[in-house]
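*Asks:*
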Amino acid sequence: MSVLKIVILFTSLLHSLIEAEVIYNGSSTAKDDWWKHTAFYQIYPRSFKDSDGDGLGDLNGIISKLQYLVDAGITATWLSPIFKSPGVDAGYDISDFRDIDEKFGTMSDFDRLLKAAHDLGIKVILDFVPNHTSDQHVWFQLSKNRTKGYEDYFIWKKGYNSTTPPNNWVTRFGYSAWEYVAERDEFYYHQFTTSQPDLDFRNPKVVQEMNDVLTFWLDKGVDGFRIDAIPFIFEHPDFKDEPLADDYQNYKPYEYKYLKHIYVRDQPESIDMIYQWREVVDNYQKQKGGDTRVLMSEAYSRVNIIMQHYSNGTVEGAHFPFNFFVVTDTRYNSTANEIISPIKKWLQNMPSGHVANWVLGNHDRDRVATRLGVENADGYNMLIALLPGVAVTYYGEEIGMENGAVTWEEGQDPKACIGPKEDYLRTTRDFERTPFQWDSTVNAGFSTANKTWLPVSSQYKTNNLELQSKDGVKSHFHVYQGLMKLRKEDSFVFGNLNIEALDTYVLAFTRELVGNDTYAFIFNKGNYSSTVSLSPFKSVTGNVTVVLTSSNSTRNAGDTLPSGRITMDAHEAIVVKSPSNVSV
Ligand code: GLC
Ligand code: MG
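Just remember that this note's numbering sits 445 ahead of the position in the sequence shown, which is counted from 1.
(1) Closer than 7 Å by C-beta to Asn988: which residues in its own chain qualify, once you throw out the five before and the five after it? Chain order, please.
(2) Looking only at DSSP bridge pairs, what is Trp479 linked to?
(3) Scan the stretch 465 to 550 and note each continuous alpha helix (DSSP H) run of 4 residues or more that stays entirely inside, going in chain order.
(4) Which residue marks the beginning of the alpha helix (DSSP H) containing Met718, and which one marks its end?
(5) Using the Cβ count rule (16 or more neighbours within 10 Å means buried), how would you classify Ala627?
(6) Which residues neighbour the ligand MG when neighbourhood means a C-beta less than 6 Å away from any of its non-hydrogen atoms? List them by chain order.
(7) Going along the chain, which unbroken runs of the beta strand (DSSP E) with 3 or more residues stay wholly within the stretch 832 to 857?
(8) Could you say which of Arg738, Cys862, Gly806, Asn1001 lies nearest to Ala836 if we only look at CA atoms?
(9) Would you kindly work out how many angstroms separate the C-alpha atoms of Ile539 and Ser530, rounded to a whole number?
(10) So what's Asp1014 in DSSP terms, helix, strand or just coil?
(11) Given a cut-off of 8 Å on the beta-carbon distance, is the pair Asn802 and Phe765 in contact?
(12) Taking a contact to mean a Cβ-Cβ separation below 8 Å, would you say Phe670 touches Thr638 in this structure?
(13) Are Gln636 and Phe677 touching if we call contact CB-CB under 8 Å?
(14) Report yes or no: is there a C-beta of chain B within less than 8 Å of the C-beta of Asp477?
(15) Just to confirm before moving on: does the CB-CB distance between Val760 and Tyr699 stay below 8 Å?
(16) Is any heavy atom of the ligand GLC found at a distance shorter than 7 Å from the C-beta of His808?
(17) Any chance the stretch 993 to 1000 sits against the stretch 954 to 962, with 3 or more Cβ pairs inside 8 Å?
(18) Among the candidates Phe881, Ser885, Thr907, whose CA atom is the shortest distance from the CA of Thr897?
(19) Going straight from the alpha carbon of Val1029 to that of Lys481, what length do you get?
(20) Tell me the start and end of each unbroken beta strand (DSSP E) in the stretch 611 to 638 that is at least 3 residues and wholly inside, in chain order.
(21) Would you check if the stretch 965 to 975 and the stretch 856 to 870 touch, i.e. whether three or more CB-CB distances between them fall below 8 Å?
(22) If you check the beta carbons only, do Thr891 and Asn848 fall under 8 Å apart?
(23) Determine whether the beta carbon atoms of Tyr950 and Ala822 lie at a separation below 8 Å.
(24) Given that a residue counts as buried once 16 or more other Cβ atoms are within 10 Å of its Cβ, and exposed if not, what is Thr522?
(25) If you run the structure through DSSP and keep just helix, strand and coil, what is Thr949?
(26) My assumption, with CB atoms under 8 Å, is that Pro414 sits in contact with Val800. Please give the rounded CB distance.
(27) Am I right that Phe922 and Glu843 are in contact with their C-beta atoms under 8 Å? What's the rounded C-beta distance?
(28) Please check the pair Asn612 and Phe684, which I expect to be a contact at CB under 8 Å, by giving their CB distance rounded to whole angstroms.
(29) With a threshold of 7 Å on Cβ separation, who are the neighbours of Glu464 within its own chain once the five nearest residues in sequence on each side are excluded?
(30) Say whether the stretch 927 to 937 touches the stretch 895 to 914, bearing in mind that this needs 3 or more beta-carbon pairs closer than 8 Å, one atom from each stretch.
(31) Are the beta-carbon atoms of Leu704 and Glu687 separated by less than 8 Å?
(32) Could you give the distance in angstroms between the alpha-carbon of Thr1012 and the alpha-carbon of Lys1022?
(33) The ligand FMN and Val804: does the residue's C-beta get closer than 7 Å to at least one heavy atom of that ligand?
(34) Would you decide whether His563 is buried or exposed? Buried here means 16 or more other CB atoms lie within 10 Å of its CB.
(35) Which residues mark the beginning and the end of the beta strand (DSSP E) in which Ala965 is found?
(36) My parser needs the beta strand (DSSP E) runs of 3 or more residues fully inside the stretch 739 to 810; what are they?
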């Protein structure tokens, strides 16, 4: 026997011994409430659809495209801020929490949007931005001149003098987090831009105000809230300097990462606020009835902190905190095990009885097709749609939109604009915010304006929804539609999850439910083809049938493959089905 043959024999023997790990036990309650198995679609209103030709997306634009969400198979959407705002941080600087910004339309447009969405069976979630207001908000104006009752709405502190702030804290976007106001001879604290003063949540009046904001929108009939910037709600009350980061040498002193954020981030009180907001929405439902109003919290924190967003064991918090670990812990070159690791991290740390969720991108992160490869875009969409729980899609991901090109001169994002030009490519978030590519007409069908708020990506002529929707074409969009249907199968809703790296760059998992077909997802994200066996999955045997493929696959639904030997092309992803061998 040749050495090669022995090696082959040995590896296949070894392989048949490997058994895929069960990392999630299915749940029989996975669908007993509307949000638990829903795909949430993030609309970035500025860039979705412009109805009035001013170059900026608006509410009527969204209304005109609600049918598109239905066609895509989406039943819930969350909208980035549409409230009154000077627009310094693209609407995350709110000057009236209870009004719609005229750039987006009117309150009656919003009412119509909500009604139209509900009529189509689409839930609407709003962005709740409690940490800060705009400096144009009346509360800040009143606080600035110490109007009685408003003095302590924000975080005011004496500095050493008018140019030396109380401590070394910097903003999330870099530079001092303190701004001097001569009227009070004090500094106010802002974790984001100077136009976004932080509210002081140690003031019970502020807590009440923000609860009232929730109730205002609940009364309008919204289905829940995405809660912005949780880690920053509270600051440590001692206001001491923050220490240098362990790797501070890698950063410039004005940069966020220069310091270790032990006083401005993730204070336990911030998580407690989520519990209080949960009480607000739960009580509302108790009193007024209707479906569960859902809370999803935004934080990039360590896993042990994130998991407390769900619950502290006694009190419930967010229905789910966004799971950004697939975004933050993977790169273009990640191996299969490096992708499995954040998946396990979530499922193995999640408190029992809670619902997982999977996010690939948002308005703060490079587009997934750019970051992880457009050739892998379907594979990643399939991955997050077929794992247990909620899937979250950022507008455009369903058509594999890539980062747009925005020059420094065209840039809008303050995160980049307040820094030096040399940091621009690294810091701007405008690339992932360019308008949705609807069709091949002018401005990709997004707007009739001469100039859109951010330039439409020049890729729109070759990549747009219209092209991808044509009958018979293999496209990201058709894959996405297929996924939205497939994930409704009981095996994906209620089934166990077994996961295994079948090769360095080939990841696979099964969703298994007694009495139902077992589905296996196989994703070769590597640059070379690879022949794998599904033998680690004990419930997959014999021949399997293809049910869905990535758009770059040469296979088709209905093809039959031997489960012991499947050659996956580079960047190919497929879902196969193995008939149930248990009769019930
Ligand atoms: C969140 C938003 C981001 C915004 C920031 C300040 O992180 O996602 O876009 O700049 O909060 O509100
Ligand atoms: Mg704060």
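Even glycine gets a Cβ: it sits at the ideal position worked out from N, Cα and C. For clarity, every value in this text was computed on a predicted model and none was experimentally measured.
*Replies:* Once the coordinates are examined:
(1) So the list reads Thr1005, Leu1006, Pro1007, Ser1008, once near-sequence residues are dropped.
(2) Its beta-bridge partners do not exist; DSSP assigns none.
(3) The stretch 465 to 550 contains, as complete alpha helix (DSSP H) runs of 4+ residues, the segments 504 to 509, 511 to 517 (chain order).
(4) Note, Met718: alpha helix (DSSP H), 713 to 733.
(5) Its Cβ having fewer than 16 others within 10 Å, Ala627 is exposed.
(6) One residue after another in chain order, those with a Cβ under 6 Å from a heavy atom of the ligand MG are Asn576, Gln636, Asp643, Phe677, Ile678, Glu680.
(7) Segments of the beta strand (DSSP E) lying fully in the stretch 832 to 857: 835 to 839.
(8) It is Gly806 whose Cα lies nearest to the Cα of Ala836.
(9) Here the C-alpha atom of Ile539 lies approximately 5 Å from the C-alpha atom of Ser530.
(10) Per DSSP, reduced to three states, the secondary structure at Asp1014 is coil, with no helix or strand assignment.
(11) In contact: Asn802 and Phe765 (Cβ atoms closer than 8 Å).
(12) Cβ distance not < 8 Å, so Phe670 and Thr638 don't count as in contact.
(13) Going by C-beta atoms, Gln636 is nearer than 8 Å to Phe677.
(14) No chain B is part of this structure, which consists of one protein chain only.
(15) Inclusion of Val760 and Tyr699 in the CB contact set at 8 Å is not warranted, their separation being larger than that value.
(16) Yes, Cβ of His808 sits closer than 7 Å to a heavy atom of the ligand GLC.
(17) Touching, no, given that fewer than three Cβ pairs across the two stretches are closer than 8 Å.
(18) Thr897 has its Cα closest to that of Phe881, out of Phe881, Ser885, Thr907.
(19) With a pLDDT of only 48 at Val1029, under 50, the local geometry of the prediction cannot be trusted, and no value is derived from it.
(20) Qualifying beta strand (DSSP E) stretches, in chain order: 623 to 626, 631 to 634.
(21) Output reads no: the stretch 965 to 975 does not touch the stretch 856 to 870.
(22) Looking at the sequence provided, one finds Phe at residue 891 rather than Thr. For Phe891 and Asn848, no; Cβs fall outside 8 Å.
(23) It is not a contact, given that the beta carbons lie outside the stated cut-off.
(24) When all chains shown are included, Thr522 counts as buried.
(25) In the three-state scheme derived from DSSP, where H, G and I count as helix and E and B as strand, Thr949 is classed as coil.
(26) Only positions 446 to 1029 of the chain appear in this structure, which leaves residue 414 out of reach.
(27) Rounded to the nearest angstrom, the Cβ distance from Phe922 to Glu843 is 6 Å, consistent with a contact under 8 Å.
(28) Sure, about 5 Å apart at Cβ, within 8 Å.
(29) The beta carbon of Glu464 sits closer than 7 Å to the beta carbons of Pro981, Lys983 from its chain, once the five residues preceding and following it are set aside; these are given in chain order.
(30) Output reads no: the stretch 895 to 914 does not touch the stretch 927 to 937.
(31) Here Leu704 is near Glu687, since their CB atoms are less than 8 Å apart.
(32) Answer to the nearest angstrom: the Cα atoms are 16 Å apart.
(33) Although the ligand FMN was asked about, the structure shown includes only the ligand GLC and the ligand MG as ligands.
(34) When all chains shown are included, His563 counts as exposed.
(35) Ala965 -> beta strand (DSSP E) spans 963 to 969.
(36) Annotation: the stretch 739 to 810 contains the following complete segments of the beta strand (DSSP E) (minimum length 3 residues), in chain order: 739 to 742, 802 to 804.
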